[in-house]
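S.K.:
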Amino acid sequence: MTITDSRPRTATTPDIRVVRRRLGPGRRIPYAFWIGPLLLLAVWSAGSATGLISPAILTAPWDVVVAFGEQWTDHDLLGNILSSLNRAALGLGFGIAVGGVLAVVSGLSRIGESLIDGPIQIKRSVPTLALIPLFIAWFGIGQEMKIVTIALISLVPIYVHTHNGLRSIDGKYAELAETIDIGRAEFVRHIVLPGALPGFLLGMRFAVTSSLLGLVVVEQYNATAGIGHMITLAEQYGQTDVIVVGLVIYGVFGYCADSAVRLVGRRVLAWRRTLED
Amino acid sequence: MAPDTRGLIAAPAVRVRDLHRSFSADGGVLNGLDLDIAGGEFVALIGRSGTGKSTLLRALAGLDRDVAGHGEIEVPANVSVVFQDSRLLPWRRILDNVVLGLRGPDAAERGRQALAEVGLEGRERAWPFELSGGEQQRASLARSLVREPQLLLADEPFGALDALTRIRMHALLRKLCEAHKPAVLLVTHDVDEAIVLADRVIVLDAGVVHADVRTDRPRAELRSFLLKKLGVREELGVR
Ligand SMILES: Nc1ncnc2c1ncn2[C@@H]1O[C@H](COP(=O)(O)OP(=O)(O)OP(=O)(O)O)[C@@H](O)[C@H]1O
Ligand SMILES: [Mg+2]
Chain A
1 MTITDSRPRT ATTPDIRVVR RRLGPGRRIP YAFWIGPLLL LAVWSAGSAT
51 GLISPAILTA PWDVVVAFGE QWTDHDLLGN ILSSLNRAAL GLGFGIAVGG
101 VLAVVSGLSR IGESLIDGPI QIKRSVPTLA LIPLFIAWFG IGQEMKIVTI
151 ALISLVPIYV HTHNGLRSID GKYAELAETI DIGRAEFVRH IVLPGALPGF
201 LLGMRFAVTS SLLGLVVVEQ YNATAGIGHM ITLAEQYGQT DVIVVGLVIY
251 GVFGYCADSA VRLVGRRVLA WRRTLED
Chain B
1 MAPDTRGLIA APAVRVRDLH RSFSADGGVL NGLDLDIAGG EFVALIGRSG
51 TGKSTLLRAL AGLDRDVAGH GEIEVPANVS VVFQDSRLLP WRRILDNVVL
101 GLRGPDAAER GRQALAEVGL EGRERAWPFE LSGGEQQRAS LARSLVREPQ
151 LLLADEPFGA LDALTRIRMH ALLRKLCEAH KPAVLLVTHD VDEAIVLADR
201 VIVLDAGVVH ADVRTDRPRA ELRSFLLKKL GVREELGVR
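Respectively, the protein sequence lines represent chains A and B.
For the first sequence, UniProt numbering begins at 1 and goes up steadily by one.
For the second sequence, UniProt numbering begins at 1 and goes up steadily by one.
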């Protein structure tokens, strides 16, 4: 037994207690959120400053900042960002809605499952990006094709994780619901949806990153605005610093979105006590 | 689904005739069981582990869809079950758990009253994990009582509680049953619990009612009778 109580003790309350060594990850570190990314930035800066990372391989952070400023003032960077965000959000929104509904339908009814689950599993094994030529033929090369692709790519993780979360709800709660005579709708509202929520939120984390992945690809097709468009142009002109600006922006998008999902998760899953807390 | 003739009778009472249930081809768990419970009567069901107490209870609760068997079961329309685990939905606050599925504008108020009755006023907004085991079981009792059942089925509801909490829960359950007058079928492992709580004790063995006694006899005599029926020799010193 290890005694690990290093908290300060006041003279008035001689609090002598034995506290077990913690096996979980322990208490939250303030701003833990930023530590990893900042460390990464520090390594990058140090590498560039000492010349270990030559500009030909990776532009120095300060040059990226300069390029960012140039893009912002001269090339409507804000417009590009908004245009990309708009695309990703629309695609993601459709993907979440459709994936969530399909997961609930297929999770709750055997007929639904036999109709939906198979096609989704098939879809999973066909890379969405390989479908783009087909979508271009169907939807043209405009915004529809891009949104459909992003929706499809983010639908899959939402479906898989929500379905899995729903099916792993303990059967004893369904039994309880049967003994108190509640209807289907109430069963879904009080038991199925809250029970599947942890799965859904995990699906969200994957879906957010998938939607960005989709964004990168679709924006290379005939886009007139967007970060992908900016990167494609920069590639043609050999401006590595602008490419890095684009990459950093994608990274920031992804990181913020993921953090937002986790934050929401912590609030709506307040009923759970896990190693997370 | 076991092809029972399952009728809903108006008078709050249980009538079971020739009930058979089996999980495998080579032997039944319930073999032609007969049972009657009058309205407002408190019956305790004891029996060795694996004799089919839970199986009977689940049959009465209508939760044994996938079990083979047949027989005749009549139960009141309004049946409520208290499980061994409190079975509170972890993602709903205590009050929401208690009023789950209740209709009517006064549902929340009735839920609050039921919680007060089991001594949990002020804990309406707590999450289930914030309650102790006994408090959780009390909340699940409140969830059953708020539905004003004509028949309360309880499968070892105090099995997981410590001795002291059990005694408190016994008093509470007796009080609540006297106030609300449901017919009760309580499954328990504990002969003393059965004697203290019930009007009648039934011993289940080999899938039929092996003994059926009222608890108005002297306690020591009743206890040794029931232990004998359970196949426990008293000098072995079971408590
Ligand atoms: N779902 C099931 N599938 C197969 N066999 C089962 C199932 N449920 C119960 N049984 C068997 O039926 C018999 C009676 O089980 P039951 O749960 O009714 O016993 P019990 O009297 O409640 O026992 P205990 O006091 O230990 O809870 C046991 O032999 C058990 O193995
Ligand atoms: Mg049992």
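Yeah, the Cβ is synthetic: ideal placement off N, Cα and C, and Gly gets one too.
All of these numbers come straight from a predicted model, not from anything done at the bench.
Under the criterion of a Cβ to heavy atom distance below 8 Å, does residue 50/B qualify as lining ligand 3?
M.R.: Of the ligands this structure carries, namely ligand 1 and ligand 2, none is ligand 3.
S.K.: Counting only Cβ pairs nearer than 7 Å, list the residues of chain B close to residue 201/A.
M.R.: Near residue 201/A there are no residues of chain B at all, since even the closest Cβ is about 13 Å away, more than 7 Å.
S.K.: Count the other CB atoms within 10 Å of the CB of residue 177/B; is the residue buried (16 or more) or exposed (fewer)?
M.R.: Result: buried.
S.K.: Can you give me the Cβ contacts of residue 245/B inside the same chain, cut-off strictly under 7 Å, excluding the 5 residues immediately before and after it?
M.R.: What the structure shows of chain B is the stretch from 1 to 239, and residue 245/B is not part of that stretch, so it cannot be assessed.
S.K.: Taking Cβ-Cβ distances shorter than 9 Å, what residues in chain A pair up with residue 132/B?
M.R.: Result: empty, since nearest Cβ-Cβ is about 14 Å, beyond 9 Å.
S.K.: For residue 118/A, which of helix, strand or coil comes out of DSSP?
M.R.: Residue state, collapsed to three classes: helix.
S.K.: Nearest to residue 182/B by CA position, among 141/B, 193/B, 205/B, is which residue?
M.R.: Here the closest residue by C-alpha is 141/B.
S.K.: Which word fits residue 137/A, buried or exposed, when buried means at least 16 other C-beta atoms lie within 10 angstroms of its C-beta?
M.R.: Exposed: under 16 other Cβ atoms inside 10 Å.
S.K.: Give, in chain order, every unbroken run of the alpha helix (DSSP H) that is at least 4 residues long and sits entirely within the region 120–179 of chain B.
M.R.: The qualifying runs are 133–145.
S.K.: Go ahead and label residue 236/A buried or exposed: buried means 16 or more other beta carbons lie within 10 angstroms of its beta carbon, across all protein chains shown.
M.R.: Exposed, because fewer than 16 other Cβ atoms sit within 10 Å of the Cβ of residue 236/A.
S.K.: Return yes when the C-beta of residue 181/B is under 8 Å from any heavy atom of ligand 1, and no when it is not.
M.R.: It does not: the Cβ of residue 181/B is nowhere closer than 8 Å to a heavy atom of ligand 1.
S.K.: At the 9 Å Cβ level, is residue 190/A part of the contact set with chain B, yes or no?
M.R.: Yes, its Cβ sits closer than 9 Å to a Cβ of chain B.
S.K.: If you measure from the beta carbon of residue 123/A to each beta carbon in chain B, is any gap under 9 Å?
M.R.: Judged by the 9 Å Cβ criterion, residue 123/A is not in contact with chain B.
S.K.: Can you tell me the Cα-Cα spacing of residue 24/B and residue 160/B, whole angstroms?
M.R.: Rounded to the nearest angstrom, the two C-alpha atoms are 29 Å apart.
S.K.: Can you name the start and end residues of the beta strand (DSSP E) that residue 31/B belongs to?
M.R.: Counting along the chain, the beta strand (DSSP E) containing residue 31/B begins and ends at 30–37.
S.K.: Assuming residue 91/A and residue 162/A are in contact, meaning their beta carbons sit under 8 Å apart, how far apart are those beta carbons, in whole angstroms?
M.R.: With a Cβ gap of about 18 Å, residue 91/A and residue 162/A do not count as contacting.
S.K.: Name the DSSP bridge partner or partners of residue 22/B?
M.R.: Answer is 68/B, bridged to residue 22/B.
S.K.: Quick one: which chain A residues come within Cβ less than 8 Å of residue 61/B?
M.R.: Chain A residues near residue 61/B: 179.
S.K.: With a cut-off of 8 Å, do at least 3 Cβ pairs link the region 193–202 of chain B to the region 221–234 of chain B?
M.R.: Segments in contact, yes.
S.K.: Distance cutoff 9 Å, beta carbons only. Does residue 103/A sit that close to anything in chain B?
M.R.: Residue 103/A does not count as touching chain B.
S.K.: Please report the residue range of the alpha helix (DSSP H) in which residue 161/A lies.
M.R.: Taken as a continuous stretch (DSSP letters only), the alpha helix (DSSP H) holding residue 161/A covers 143–167.
S.K.: Over what stretch of residues does the alpha helix (DSSP H) that includes residue 272/A continue unbroken?
M.R.: Note, residue 272/A: premise wrong, no alpha helix (DSSP H); not H, not E.
S.K.: Does any C-beta atom of chain A lie closer than 9 Å to the C-beta of residue 239/B?
M.R.: Note that residue 239/B has pLDDT 47, beneath the 50 cutoff, so the model's placement of it is unreliable and no number is given.
S.K.: Note down, in chain order, each residue of its chain lying with its Cβ closer than 8 Å to the Cβ of residue 188/A, except the 5 sequence neighbours on either side.
M.R.: Taken in chain order, the residues that qualify are 104, 108.
S.K.: Would you please state the rounded distance, in angstroms, between the beta carbons of residue 242/A and residue 150/A? I believe it to be under 8 Å.
M.R.: Their Cβ separation, rounded to whole angstroms, is 23 Å, which puts residue 242/A and residue 150/A out of contact at 8 Å.
S.K.: Flag residue 110/A as yes if its beta-carbon sits less than 9 Å from any beta-carbon of chain B, otherwise no.
M.R.: Answer no: the Cβ-Cβ gap between residue 110/A and chain B never drops below 9 Å.
S.K.: Using a C-beta to C-beta distance shorter than 7 Å, which residues of chain B count as neighbours of residue 273/A?
M.R.: In chain order: 129.
S.K.: Within 9 Å of any Cβ in chain A, is that where the Cβ of residue 10/B sits?
M.R.: At residue 10/B, the pLDDT of 42 sits below 50, so the modelled position is not reliable; the number obtained from the coordinates is stated separately. Answer no: the Cβ-Cβ gap between residue 10/B and chain A never drops below 9 Å.
S.K.: Would you say the beta carbon of residue 23/B comes nearer than 8 Å to a heavy atom of ligand 1?
M.R.: Result yes, Cβ under 8 Å from ligand 1.
S.K.: Contact defined as beta carbons within less than 8 Å: I believe residue 261/A pairs with residue 204/A. What is the distance between those atoms, to the nearest angstrom?
M.R.: So it is a contact: roughly 5 Å between Cβ atoms.
S.K.: Below 8 Å on the Cβ atoms is my contact criterion, and I expect residue 198/A with residue 82/A to pass it. Report the Cβ-Cβ distance as a whole number of Å.
M.R.: 32 Å between Cβ atoms; not a contact.
S.K.: Near residue 94/B, what residues of its chain come up, given a Cβ to Cβ distance below 8 Å and the 5 sequence neighbours on each side ignored?
M.R.: Once the five neighbours on either side are set aside, the close Cβ partners of residue 94/B are 88, 115, 120, 123, 124, 125, 126, 127, 128, 131, 139.
S.K.: With C-beta atoms as the reference, is residue 60/B less than 9 Å away from residue 16/B?
M.R.: Cβ atoms of residue 60/B and residue 16/B: closer than 9 Å.
S.K.: For residue 31/A, count the other beta carbons within 10 Å of its own beta carbon; 16 or more makes it buried, fewer makes it exposed. Which is it?
M.R.: Looking at its Cβ environment, which holds fewer than 16 other Cβ atoms inside 10 Å, residue 31/A is exposed.
S.K.: Which residue or residues does DSSP assign as beta-bridge partners of residue 80/B?
M.R.: Its beta-bridge partners are 152/B.
S.K.: Contact defined as beta carbons within less than 8 Å: I believe residue 229/A pairs with residue 80/A. What is the distance between those atoms, to the nearest angstrom?
M.R.: Their Cβ separation, rounded to whole angstroms, is 7 Å, which keeps residue 229/A and residue 80/A in contact under 8 Å.
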